[in-house]
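Numbering (our numbering), first residue to last: 1007 to 1197. These notes are about the structure you will find just below.
Given below as structure tokens:
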């Protein structure tokens, strides 16, 4: 029998819902995220499985950690899992294009498929799908919103509100910086 648990933590990018499957991280979802599963699939609220995840997220947001080292459970097709593994190999503060990832995966013509898999990444931030950009260097698509993508890329390059890219449509509703140690209730993450 599979056990699922979740907790919600605050971040500089708004509340993050962490989900575990059998005690292993299987989801990190932002509010208003595209492809966010239904709230009822997250399981009971229990922060016990997430101690190390929260610790590493705290260190990341404090600019003390550039590479996550966490066990993760991925539910997806073999192709999706291959894309997500390649995302984990993009160095902190750097970007790759969808086409570059398709080429690494051995199929130059699969950039759209890479984009679709990238968009369904279940463990945002930790599996850095925000580091993938369009072939022209522009920000394109991000399940958490282009404003968050812009802010995450800027943060990793040493800024916070610096403008490195010009997304086509960029809102300023991603939230303000708050310490990760602050917890919210699970209702704060439902949108």
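The C-beta atom is built at its ideal place from N, Cα and C for all residues, glycine as well.
For residue i, the nearest candidate out of the options (CA to CA)
{"i": "residue 1039", "options": "1150, 1103, 1164", "result": "1150"}
{"i": "residue 1119", "options": "1089, 1095, 1131", "result": "1089"}
{"i": "residue 1065", "options": "1159, 1014, 1132", "result": "1132"}
{"i": "residue 1055", "options": "1114, 1024, 1136, 1072", "result": "1024"}
{"i": "residue 1027", "options": "1047, 1060, 1121", "result": "1047"}
{"i": "residue 1041", "options": "1163, 1130, 1160", "result": "1130"}
{"i": "residue 1003", "options": "1098, 1107, 1072, 1070", "result": "Nothing can be reported for residue 1003: it is not among the residues displayed for the chain, which extend from 1007 to 1197."}
Paired residues, beta bridge with residue i - DSSP
{"i": "residue 1033", "result": "1025"}
{"i": "residue 1010", "result": "1027"}
{"i": "residue 1051", "result": "1012"}
{"i": "residue 1101", "result": "None, per the DSSP bridge assignment."}
{"i": "residue 1139", "result": "1103"}
{"i": "residue 1132", "result": "Paired residues: none, contrary to the question."}
Presumed contact (8 Å Cβ cut-off) between residue i and residue j, rounded CB distance
{"i": "residue 1148", "j": "residue 1154", "result": "7 Å"}
{"i": "residue 1067", "j": "residue 1017", "result": "6 Å"}
{"i": "residue 1140", "j": "residue 1103", "result": "7 Å"}
{"i": "residue 1011", "j": "residue 1075", "result": "So it is not a contact: roughly 21 Å between Cβ atoms."}
{"i": "residue 1036", "j": "residue 1022", "result": "6 Å"}
Proximity test, residue i beta-carbon vs the ligand SAH heavy atom, cut-off 7 Å
{"i": "residue 1097", "result": "The ligand content of the structure shown is nil, which means the ligand SAH is not present either."}
*Indicate whether the contact test is met: 3 or more Cβ pairs, each with one atom in the region 1107 to 1127 and one in the region 1070 to 1089, closer than 8 Å.*
As far as the Cβ criterion goes, the region 1107 to 1127 touches the region 1070 to 1089, which means the pair count is three or higher.
*asked:* I'd like the ranges of any alpha helix (DSSP H) spanning at least 4 consecutive residues and lying wholly in the region 1074 to 1120.
replied: Counting only runs of 4 or more, we get 1084 to 1094, 1104 to 1110.
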